[in-house]
Every structure is written in structure tokens, then in C-alpha cells.
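A quick write-up on the structure given underneath.
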Amino acid sequence: MTEGERVAVLGVRVRLGAGATMDDVRALKTWLEREESLEELVSTGQLTIEEQAGTEGADGRLGPDLELVLKVLGDVVTVAALTEYTARAVKTWANNRRRLQGGDPDPQIRSLDPDGE
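Counting along the sequence shown from 1, when you hit position 54 you're at 54 in my numbering, and nothing is skipped either side.
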């Protein structure tokens, strides 16, 4: 790769709905880090899970303007597989949250663009 070339960023973005709190974002991050299908990737440094400022925040949003971004470092998993693992883990977390706290965090999951957006 020559200087100035961009490297495609592979990953998934998880955004919670307006009813979510900062605690929800942090709890989901912890949940994902411990999810069986993601835990080894995180522990070996092949996957990062970061809290980032939201990129699609709507005016009047009541919840946190934060989202979680899962980035794959290397060729360890495809985006399709990462999306599937993430969707399954987020669905389980959301169901548990609904059962324990009520409300709907309304998670949205999508693949990152090649430039990481």
C-alpha cells in the first residue's frame, strides 16, 4: 500500500433509539464484549467496540447521541458474519432489557461504509 491510500474499514454500527440511556449504551457494549461469538475476537484484539458520537442524530432527540461501532481488524470475520453475530447479541440484550426495565431501546444495526462511516 502506498502513502495516501485508504484502507477499507470493515465493521458494524449499532444505534439505540431515543428511549435509550447512556447506561443502556454502556450495558450493551459490555454485553457485546462478552457475547460468545465476539468475545474471542475482542480479547485477541481483532475486533474493537467503541462508543462514538452519533452520526445521524435527529433534532429533538431525547436519548444519548452515542452509538457503538464494531470494527474488524484483519481478515478474521466477514461483515455479513459480524452483522449476524451482532444482530443476534443485540436482540438478546434488548429482550432482556425489555423484560427487566420495560420500554424499547429500538436498536438499529447496519454495516459501516468502506470509509468507516
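C-beta: ideal position from N, C-alpha, C; glycine also.
Asked	Found
Spatial distance of Asp-23 from Glu-51 (CA atoms)	12 Å
For Leu-70, the first and last residue of its enclosing beta strand (DSSP E)	66-72
Extent of the continuous alpha helix (DSSP H) to which Glu-40 belongs	36-43
Leu-28, DSSP secondary structure in three states	helix
Three-state secondary structure (DSSP) of Arg-13	strand
Ser-111 and Thr-83 closer than 7 Å at C-beta	yes
Contact belief for Leu-32 with Leu-41 at Cβ below 8 Å, rounded distance in angstroms	Contact doesn't hold; Cβ gap of about 10 Å is too wide.
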